[in-house]
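**Student:** Residue numbers (the numbering used here): 28 to 335.
Every residue, glycine too, gets a C-beta built ideally from N, C-alpha and C.
As the structure is a computational prediction, the values presented were derived from the model and not from experiment.
I am attaching a structure below and will ask some questions about it afterwards.
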């Protein structure tokens, strides 16, 4: 039970990197990017293939991130220069990446059992500082915290502020002579770079890369963003990025509890969809009930003043 809990926390932290990427496209850029399902698998494919080929896991993981940047840029170019609908441009990239990932791996599955991975090196390097039960959890938490701080810093730079303005009001930001095409391409590149990085770490964590490992990742990312915002709020960017990380961890814990109580693993996609639906609908219902209560209190106070 305890190890299952720790494993869920570790998985949630790895998925938090992917959720940060989804946050950039869906919340910062207001761009429905479905490339995520493909770029997550691309990250795992690149890292696993390079590690098996004898490259350093650091090089493999970095290469996965860089290829994710390229993939996101292509989606952005399809939309901005090719004038393709944002939803369709993401779908086209996602479909193309399935075949590209197969080409990268040369087969549908690349096992990493017995290979020296970045996860193994993290555990080995920090094993003398932390208990063996928590070393990976703490190490990954510190790694994700560093990424979160870098994202926060970037979004507060001039380019980051232009990106945020592009998502809020593209017409206004264009009036200030800002090239919104470039900010969209940059945002999509950064987003898919983080998604591919998460995919590379997930492949090394679970011990294999699979061509279908990215299916449904966009829903997982959305669930993490929505749950995090509902629980922790999103008034500032720094608070929102913390919320996204917390949402990813909560999501994995909910999935672990569902499996623990006997839910069939084949129902996980349905479970994810229900979680997202609940996270989307619950705040609206709560707000509606509060508004009704506010109106009711106003009527009562009005009638009381009339009687007085």
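Residue range of the beta strand (DSSP E) that residue 236 falls in?
**Tutor:** Start and end: 235-237.
**Student:** At what residues does the beta strand (DSSP E) containing residue 84 begin and finish?
**Tutor:** No beta strand (DSSP E) holds residue 84; the alpha helix (DSSP H) holding it covers 84-107.
**Student:** Which of the three DSSP states, helix, strand or coil, is assigned to residue 196?
**Tutor:** In this structure, residue 196 counts as coil in the three-state DSSP scheme.
**Student:** Once the 5 residues before and after residue 210 are set aside, which same chain residues still bring their CB inside 6 Å of it?
**Tutor:** If we look at residue 210 and ignore the five residues flanking it on each side, its Cβ neighbours are 189, 190, 193.
**Student:** Could you tell me whether the Cβ atoms of residue 247 and residue 45 are closer together than 9 Å?
**Tutor:** Yes.
**Student:** Please classify residue 180: is it buried, with 16 or more other beta-carbons within 10 angstroms of its beta-carbon, or exposed?
**Tutor:** Exposed is the call here.
**Student:** Assuming residue 92 and residue 234 make a contact with CB atoms under 8 Å, what is their CB distance in whole Å?
**Tutor:** Contact flag wrong, Cβ pair sits at about 20 Å.
**Student:** What residue from 316, 37, 30 has the CA that sits closest to residue 229's CA?
**Tutor:** Of the candidates 316, 37, 30, the one whose C-alpha sits nearest the C-alpha of residue 229 is 37.
**Student:** Across which residues does DSSP place residue 310 in a beta bridge pair?
**Tutor:** DSSP lists no partner for residue 310.
**Student:** Is the distance from the Cβ of residue 66 to the Cβ of residue 95 below 9 Å?
**Tutor:** Closer than 9 Å, so yes.
**Student:** Give me the residue from 255, 69, 32 with the minimum Cα distance to residue 129.
**Tutor:** When each option's Cα is compared against that of residue 129, the closest is 69.
**Student:** To test your reading of the DSSP string, which unbroken alpha helix (DSSP H) runs of 4 or more residues are found completely within the region 202-266?
**Tutor:** Segments of the alpha helix (DSSP H) lying fully in the region 202-266: 207-233, 244-259.
**Student:** Are residue 270 and residue 256 closer than 9 Å when you measure CB to CB?
**Tutor:** Closer than 9 Å, so yes.
**Student:** Taking DSSP's pairing of strands, which residues face residue 160 in a bridge?
**Tutor:** Residue 160 is not bridged to any residue.
**Student:** Which one or two residues does DSSP pair with residue 57 in a beta bridge?
**Tutor:** Partner(s): none; residue 57 has no beta bridge.
**Student:** What separation, rounded to the nearest whole angstrom, lies between the Cα atoms of residue 298 and residue 204?
**Tutor:** Straight-line Cα distance between these residues: approximately 45 Å.
**Student:** Would you mind working out which of 149, 223, 265 sits nearest residue 167, comparing C-alpha positions?
**Tutor:** Comparing Cα positions, the closest option is 149.
**Student:** Quick one: grab the DSSP three-state call for residue 136.
**Tutor:** Reduced to three states, the DSSP call for residue 136 is strand.
**Student:** Answer with buried or exposed for residue 32, where buried requires no fewer than 16 other C-beta atoms within 10 angstroms of its C-beta.
**Tutor:** With fewer than 16 Cβ atoms within 10 Å of its Cβ, residue 32 is classed as exposed.
**Student:** Taking the alpha carbon of residue 227 as the reference point, which residue from 41, 184, 30 has its own alpha carbon closest?
**Tutor:** The shortest Cα separation from residue 227 among 41, 184, 30 belongs to 41.
**Student:** Buried or exposed: residue 84, going by 16 or more other Cβ atoms within 10 Å of its Cβ?
**Tutor:** With 16 or more other Cβ atoms within 10 Å, it is buried.
**Student:** What's the gap between the Cα of residue 225 and the Cα of residue 174?
**Tutor:** Each residue's Cα considered, the two are about 11 Å apart.
**Student:** Is residue 342 near residue 278, with beta carbons less than 9 Å apart?
**Tutor:** A query on residue 342 cannot be resolved here, the shown segment of the chain reaching from 28 to 335 and no further.
**Student:** Sort 60, 136, 43 by Cα distance to residue 111 and report the nearest one.
**Tutor:** Among 60, 136, 43, the Cα nearest to that of residue 111 belongs to 60.
**Student:** Please list, in chain order, all residues of the same chain as residue 71 whose beta carbon is under 7 Å from its beta carbon, the five residues on each side excluded.
**Tutor:** So the qualifying residues of the chain are 226, 227, 229, 230, 236, 240.
**Student:** With burial defined as no fewer than 16 other Cβ atoms inside 10 Å of the residue's Cβ, what is the status of residue 131: buried or exposed?
**Tutor:** When all chains shown are included, residue 131 counts as buried.
**Student:** Below 8 Å, how does it come out for the region 74-89 and the region 281-295: are there three or more Cβ pairs, yes or no?
**Tutor:** With the cut-off at 8 Å, the region 74-89 and the region 281-295 do not touch.
**Student:** Pull up the distance between the alpha-carbon of residue 172 and that of residue 259, whole angstroms please.
**Tutor:** Near 17 Å, if we compare the C-alpha coordinates of residue 259 and residue 172.
**Student:** Can you tell which of 102, 182, 308 has its C-alpha closest to the C-alpha of residue 47?
**Tutor:** Residue 182 is the option with its Cα nearest to residue 47.
**Student:** Could you say which of 176, 302, 213, 58 lies nearest to residue 195 if we only look at CA atoms?
**Tutor:** Closest option to residue 195, Cα to Cα, is 58.
**Student:** Kindly list the residues whose CB is nearer than 6 Å to the CB of residue 116, restricted to its own chain and excluding five residues on each side of it in sequence; keep chain order.
**Tutor:** Correct list, in chain order: 102, 105, 106.
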